[in-house]
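Per my numbering, the very first residue in the sequence shown carries number 20; after that it's consecutive. Glycine included, every Cβ here is placed at the ideal spot set by N, Cα and C.
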Amino acid sequence: MKFAKLTRAILHSLEWQGYTLLTSVNYADDDDPTWMPQKIADVKEYILQLDIAGKRPPLQEPALLIINDALTGIAEEDLRGSVFLE
C-alpha cells in the first residue's frame, strides 16, 4: 500500500481495474487532497444518495472525482493530490 501522485496514468490504471470514483475526506477546494479509489456501479446514484443523506453541505462539499470525467475533461497539469493505492 502506498500513495502516488494523481496523474492521468494512475487514472487510466484505476479505470482499467474497475474503479469509477475517487473520494476524499478533504473538501473540494483543498489544494492537495488525498484520494481513495472506489468501485461504484452507479456513480450518479451514489452522488444523489450523498445529497439526500445530507452528507454534502452546500458550502463545503467533500471532494469527489469521477475517474472517467477526469480523464476526458481535466488536463494533466490540473490534477491535484495523491491517491492511496493497494
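Does the Cβ of residue i have 16 or more other Cβ atoms within 10 Å, making it buried, or fewer, making it exposed?
{"i": "residue 35", "result": "exposed"}
{"i": "residue 78", "result": "With a pLDDT of only 49 at residue 78, under the threshold of 50, the placement of this residue in the model should not be trusted; the figure read from the coordinates follows. Answer is exposed; the Cβ neighbour count stays below 16."}
{"i": "residue 67", "result": "exposed"}
{"i": "residue 41", "result": "buried"}
How many whole angstroms separate the CB atoms of residue i and residue j, which I take to be in contact at a CB cut-off of 8 Å?
{"i": "residue 102", "j": "residue 47", "result": "That belief does not hold up - the Cβ atoms of residue 102 and residue 47 are roughly 16 Å apart, past 8 Å."}
{"i": "residue 61", "j": "residue 99", "result": "With 8 Å as the limit, residue 61 and residue 99 do not qualify as a contact, their Cβ atoms being about 26 Å apart."}
Return the bridge partner residues of residue i from the DSSP annotation.
{"i": "residue 46", "result": "81"}
{"i": "residue 57", "result": "40"}
{"i": "residue 101", "result": "24 and 53"}
Can you give me the start and stop residues for the alpha helix (DSSP H) that residue i sits inside?
{"i": "residue 89", "result": "86-92"}
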